[in-house]
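Undergrad: Please read through the structure below; I'll follow up with questions.
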Amino acid sequence: MAYELHYWPMIQGRGEFVRLALEQAGAEYIDVARLPHEAGGGIEAMMDRLEDEPLRPPFAPPFLRDGDVVVGQTAAILLYLGPRIGLVGASEADRVWTHQIQLTVADMVAEAHDTHHPVGVGLYYEDQKPEALRRARDFGDNRIPKFFAWFERVLARNPAGPDHLVGDAVSYADTSLFQLVEGLRYAFPNATARALDATPRIVAHVERVGRLPRIAAYLASERRRPFSEDGVFRSYPELDEN
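First residue of the sequence shown: 131, per the working numbering; consecutive thereafter.
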């Protein structure tokens with residue numbers, strides 16, 4: 131039975147971290163909201179499913195359905211999927227460590243989002259530009275380098291070598307770091323380039339993941355939506371001044 135991924139059909143967003151893992155694993159899945167309306171697709175049908183889940187309703191997309199199991203929150207979805215699609219180590223220590231890395235990715239995604247919505251999610255970017263500029267400067271000058279330095283140390287200290295974040299095989303943490311860096315390169319190209327100059331292992335890692343056959347095929351396909359100003363990574367040049 132195919133996994134059902136429920137997320138906004140027009141953007142990458144947080145659902146892309148799940149898609150990349152499913153694509154790398156070669157897992158069968160349905161991007162439900164991207165189906166035609168008559169097949170149960172579309173935003174309204176997805177929101178109806180959020181409301182109709184009787185016992186354990188997810189708070190928001192993305193959420194994954196696997197038979198009778200429904201899992202929300204990107205990190206929790208990947209924690210669930212990892213051992214089922216072969217993208218996490220067999221030991222409990224590896225599973226917990228991979229999940230910790232994913233939670234750190236989620237922290238950075240949230241901070242990236244909050245650069246353009248620092249006052250309130252319900253307000254337009256245009257309603258909070260001065261606050262966004264101040265937040266983005268701190269994010270670019272301090273937070274991106276701090277997070278990247280940590281990921282660089284994780285790669286350097288992996289006993290199996292710096293080709294992967296955990297162990298000697300690709301995990302969902304690897305595909306998630308790839309997506310994080312690609313999103314930041316789109317949203318903050320100048321600040322991200324400066325941080326990557328000091329973290330060569332991350333640069334090499336992202337290049338390796340992007341060359342994985344299944345990931346490369348996905349990136350070249352129509353299933354890969356482009357980055358845009360409707361997603362979690364948004365490019366506002368005034369927030370990324372040199």
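Ideal Cβ placement from N, Cα and C applies to all residues, glycine included.
Tell me the residue span of the alpha helix (DSSP H) that contains L152.
TA: Run containing L152: G145 to A155, per the alpha helix (DSSP H) assignment.
Undergrad: Given a threshold of 16 other Cβ atoms within 10 Å of its Cβ, counted over all protein chains shown, does F189 qualify as buried or as exposed?
TA: Looking at its Cβ environment, which holds fewer than 16 other Cβ atoms inside 10 Å, F189 is exposed.
Undergrad: Just tell me which of E312, P330 and T234 has its CA closest to the CA of E146.
TA: Out of E312, P330 and T234, E312 has the C-alpha closest to the C-alpha of E146.
Undergrad: Of the residues P289, D244 and F281, which one's Cα is nearest the Cα of A325?
TA: Looking at the Cα atoms, F281 is the closest of the given residues.
Undergrad: At 4 residues or longer, what runs of the alpha helix (DSSP H) sit wholly inside the region 255 to 288?
TA: Counting only runs of 4 or more, we get 259 to 268 and 274 to 287.
Undergrad: Take Y159 and list the residues in its own chain whose beta-carbon comes closer than 6 Å to its own, dropping the five residues that flank it on each side.
TA: So the list reads A132, Y133, L135 and L152, once near-sequence residues are dropped.
Undergrad: Of all the beta strand (DSSP E) runs that stay within the bounds of the region 187 to 238, which reach a length of 3 or more residues?
TA: Counting only runs of 3 or more, we get 193 to 196 and 199 to 202.
Undergrad: Is the distance from the Cβ of I231 to the Cβ of S306 below 9 Å?
TA: Yes, Cβ-Cβ distance for I231 and S306 is below 9 Å.
Undergrad: At 4 residues or longer, what runs of the alpha helix (DSSP H) sit wholly inside the region 284 to 353?
TA: Listed in chain order, the complete alpha helix (DSSP H) runs (minimum 4 residues) inside the region 284 to 353 are 302 to 317, 319 to 327, 330 to 341 and 343 to 349.
Undergrad: Can you tell me whether M140 is buried or exposed, with buried defined as 16 or more other CB within 10 angstroms of its CB?
TA: Label assigned to M140: exposed.
Undergrad: Could you name the residues of the same chain whose beta carbon sits closer than 7 Å to that of R164, not counting the 5 residues immediately before and after it, in chain order?
TA: Hits under 7 Å: P139 and G171.
Undergrad: Per DSSP, L135 is paired with what?
TA: DSSP output for L135 lists D161 and L194 as bridge partner(s).
Undergrad: Compute the distance between the beta-carbons of P292 and L285, then report whether it is under 9 Å.
TA: Closer than 9 Å, so yes.
Undergrad: Counting Cβ pairs, one atom from each stretch, are 3 or more of them under 8 Å apart for the region 351 to 371 and the region 254 to 268?
TA: At 8 Å Cβ cutoff, the stretches touch.
Undergrad: Report the CB separation of L342 from V300 in whole angstroms; it is logged as a contact under 8 Å.
TA: The Cβ separation is near 7 Å, so the contact holds.
Undergrad: Using a Cβ-Cβ cut-off of 6 Å (strictly less than) and excluding sequence neighbours within five positions of M176, which residues of its own chain qualify?
TA: Correct list, in chain order: H136 and A163.
Undergrad: So, using beta-carbon positions, are R195 and R353 closer together than 9 Å?
TA: Not closer than 9 Å, so no.
Undergrad: State yes or no: is the C-beta of G143 within less than 9 Å of the C-beta of V362?
TA: Going by C-beta atoms, G143 is nearer than 9 Å to V362.
Undergrad: So for D244, helix, strand or coil by DSSP?
TA: Residue state, collapsed to three classes: helix.
Undergrad: Along the chain, where does the alpha helix (DSSP H) that runs through R355 open and close?
TA: Here R355 belongs to no alpha helix (DSSP H), and DSSP marks it neither H nor E.
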